[in-house]
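Protein sequences, first through last, are from chains A and B.
Using the working numbering, you'd call the opening residue of the first sequence number 1 and step up by one each time.
Using the working numbering, you'd call the opening residue of the second sequence number 550 and step up by one each time.
Note that beta-carbon positions come from the ideal geometry of N, C-alpha and C, so glycine has one too.
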Amino acid sequence: MADFQEQIGNLCPEAQFDASGEFLLVTVPDEKWHDLATALKNEMHFDYLTALVGVDWKEELGVMYYLTNTETQDMIHVKVATTDREQPRLHSVSDLWAVANYQEREVFDFYGIEFINHPDMRRFFLRNDWVGYPLRKDYDESPEKNPIRLDDEQNEDDTYRLVEDENGNVTRVDGKVFEDEEYVINVGPQHPSTHGVMRYRASIEGELVKKVDVVSGYIHRGIEKMCESLTYPQTLLYTERLDYMSAHINRHCLCLCIEKAMGLEVPRRAEIIRMTMDELMRLSSHLLSYGCLTMDQGATTAFFYGFRERELIYDIFDKTCGARMSMSYMTIGGVVADVHPDFIKDVRNCCDVVTEKLKEYHKLFSGNVIAVNRMKGVGILGKEDAINYAVTGPSGRASGCHCDVRKCHPYSLYNEVDFDEVILENGDSMDRYMVRMKEMEECIKILRQCCDMLEAEGIEGEYIAKVPKLIKLPAGHWYQQVEGSRGAFGVYLESDGDPKPFQKPYRLHFQSPCFNLVGVVDLTCKDNLIADLITITASIDYVIPDIDR
Amino acid sequence: MEVKIKSMKHEDFKDNEYIDKLVEELNASGTNVVVGKLDQLINWGISNSLWPFCFGTSCCAIEFMCLGAARYDMARFGFEVARNSPRQADYIMCQGTITYRMAPALKRLYEQMAEPKYVIACGACTVSGGPFKNSYCVVKGVDEIIPVDVYLPGCPPRPEAMFYALMQLQRKIKVQKFFGGVNRKEKRKEFFESKQVAPTVEQAQDSTIENLNNQE
């Protein structure tokens, strides 16, 4: 850590350091930020922008950047802020890390911070006629300001950018997303193949896609804002409604983050149960994505096969947690109840059945000539682009990235189990599909080990730690990431150390993997057939409520 | 009169007083034999081949997919032909939260559906806003924008609960009247007026037809 401090100090003498947290915190003034960012990326190899979190610190508005070096897996974070609340402006880093493009638009949407030199400064989640910036602490929530509007949005094509010249003068340049002569096709928001309410506007030439504009926010529920008015245990429920296909995993992440902040030790048995649930969830999610990907290409039988095996996993959840979806099982300090007596037997049975059925899946679909023609060599995402766009999870690993959080930053008991990180090279739709199929086998491998570990612990045991009734965190901020079904899911938690009995998070940000995944739709679909837009997006496999939050 | 549907016994439903009251109300001034029989025939047809419109925005949609898959198999009751186009569907099952940005799209999809059309509010979010009630951009129940026939709570509801809701809809359809008596369109007009929403395409068309009739 001291090493980084010296290096950054040489690059930017104005930088201030704080090494007391989990990662080194660097505070830089905005004028120096872009130069430092360039040096961080090119000289110190911080090529993966893990998270970009906008925060309103009342006296100043700003952004936290979490950066990772993909070679050594070192992390640092940088704080850049401005005191101007009327017209807050920061410098964009979207030219360095492509993922920042959408992330900065999100910050603009929530906090009204404009990014200088950002190519396309539009709102991301909310309607373009929305009044105010909802995540600011002084936001006026009265319904008169923003009633339910039942008319269409006007001037959707309008955008602008802020251009800075050599003398530091910033001017506003208006522009259009699509030119008048472009032929634009609308897909969504209600379309069976977008897997939810996502909307694309694709400009095409003949049958080839030239540009895709992602219009998101059709399921934006403002979860981050709502969390700021709830106590810590209450915020847990929203994590399951982000990516509902990795409900346990997301909840696990927030629990881990709060436990880290409290300094709470979780019983070993609870951690094993949590890990088992995580892997079951991942298995169920991959089965669903198999079903949906195949159905999007017209293979309805495969869809039924995928769902047949998912019911086994649902039954396990149902027995132990009492619900099929949105289980609300994990809690701060452990899990809410011990597992059902049949749990281990059921999990083992499920492993055996799925192992057997996987062969059937491959027979049915993987070698099928239609599947091969539609997926092989289509929608290629190279390794550098994958890192640049911060694509993680199965889609990132299909491009050859070593990005499994379970391996890079082991959490829970993942360093005790033996499994392989599935990495393929081509980065096309076929590889993204194959990574999932192979990962299911790895899931089963982990699940079997979990069963052994759980058996070694005995039938009953301590499944929850002693947790104070009122949870109070010291002032500070924490970042925790886990490997969700679709990539690295992160939680940024900031507490102001409020001494009141019911302490609420000052800022809670969910860094969702799907948000980054949707960022590469434009890149991967370019110069492909419009019909392949569906297979590419299906193979990237995102969940819309996770993007929109 | 007992309302009978094929898939579940009358006494197994928990809210028979409500449907009995509805029948009583509808038949208060008696029913014409011919028209009544015609109604029965039409209702028998509609209630046994309800085609859903896939409108899933979040979690509930996954449970709805389970409903269509092999274990629950909604095809047993005639619900199987899930349509992706509103023009071909009989009812819209709102699965998942409706946000301010989605509201105009939902309204338009509803307007595009052909008569007779029904709405099921599936899941806590569509009933009342559910866990997102305090949000700045979530519609607090779809009945703020479109009229709802059946409310189905749960977050998300189990597939069994979805069946129950669909059967409730079947029962409602069994007692509806096409000829004379009660007019669904009239009620809908009242609904939209009470919500003070700008006149829809459909209403605008209705009023032009009325004007034409008056001129004649």
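In the displayed model, E739(B) falls within a helix according to three-state DSSP.
In this structure, V417(A) is the residue among V417(A), V80(A), G476(A), I258(A) with its C-alpha nearest to the C-alpha of L454(A). Neighbours of V197(A) in chain B, taken as residues whose beta carbon is under 7 Å from its own, are T606, M651 in chain order.
Listed along the chain, the chain B residues whose CB falls inside 9 Å of the CB of Q297(A) amount to none; the nearest CB is some 16 Å away. Of all alpha-carbon atoms in D622(B), T646(B), F602(B), the one lying nearest the alpha-carbon of A631(B) is that of F602(B).
Considering only beta carbons, the part of the segment 163-192 of chain A lying closer than 7 Å to chain B consists of P189, Q190, P192, in chain order. For secondary structure counted as the alpha helix (DSSP H) over 4 or more consecutive residues, the segment 311-389 of chain A holds these complete runs in sequence order: 343-361, 369-375, 383-388.
Those residues of the segment 701-713 of chain B placed with their C-beta closer than 7 Å to a C-beta in chain A are C704, P705, R707, ordered along the chain. As the crow flies, the alpha-carbon of E71(A) is around 25 Å from that of M434(A). Taking a beta-carbon distance threshold of 8 Å, V687(B) counts as an interface residue toward chain A. Under the three-state reduction of DSSP, C671(B) is assigned to strand.
Residue pairing by DSSP places M642(B) opposite C603(B), I669(B) in a beta bridge. Every alpha helix (DSSP H) stretch that sits fully inside the segment 26-66 of chain A and reaches 4 residues is listed by chain position as 30-42. For the segment 662-690 of chain B, the residues whose beta carbon sits under 7 Å from a beta carbon of chain A are, in order, P680, F681, N683, S684, Y685, C686, V687, V688. The shortest CA-to-CA distance from H195(A) to any of E207(A), C514(A), P499(A), E462(A) is the one to C514(A).
Residues of chain B with a Cβ closer than 8 Å to the Cβ of G217(A) are, in chain order, T648, R650.
At least one beta carbon of chain A lies nearer than 8 Å to the beta carbon of I694(B). Note on geometry: alpha-carbon atoms of V347(A) and K359(A) lie some 19 Å from one another. Bridge pairing for A619(B): absent [DSSP]. At a cut-off of 8 Å, the C-beta of I641(B) has no neighbouring C-beta in chain A. Boundaries of the alpha helix (DSSP H) around W593(B): 582-597.
N633(B) has a beta carbon lying within less than 8 Å of a beta carbon in chain A. Distance from the CA atom of V521(A) to the CA atom of T646(B), rounded to whole angstroms, is 25 Å. Annotation: the continuous alpha helix (DSSP H) that includes Q717(B) extends over 708-724.
For K225(A), the uninterrupted alpha helix (DSSP H) segment begins and ends at 223-227.
Closest by C-alpha distance to P545(A), out of L40(A), V212(A), I219(A), is I219(A). With respect to chain A, the C-beta atom of G627(B) has no partner C-beta closer than 8 Å. Taken through DSSP and simplified to helix, strand or coil, I219(A) comes out as coil.
Judged by beta-carbon spacing, A673(B) lies beyond the 8 Å limit of P708(B), meaning their Cβ atoms are not closer than that value. Nearest to S512(A) by C-alpha distance, out of N146(A), Y492(A), D3(A), T524(A), is Y492(A). Taking 8 Å as the cut-off, the beta carbon of K656(B) is found no closer than this to the beta carbon of D639(B). Neighbours of K656(B) in chain A, taken as residues at a C-beta separation under 8 Å, are given in chain order as L150.
Between V28(A) and L36(A), the CB-CB gap stays under 8 Å. The residues P501, in chain order, have a CB closer than 6 Å to that of L470(A) in the same chain once the five nearest residues on each side in sequence are set aside.
One finds Y685 in chain B with Cβ atoms closer than 7 Å to the Cβ of P134(A), taken in chain order. Excluding sequence positions up to five before and after G400(A), its CB lies within less than 8 Å of the CB of K383, A386, I423, L424, E425, G427, all in the same chain and listed in chain order.
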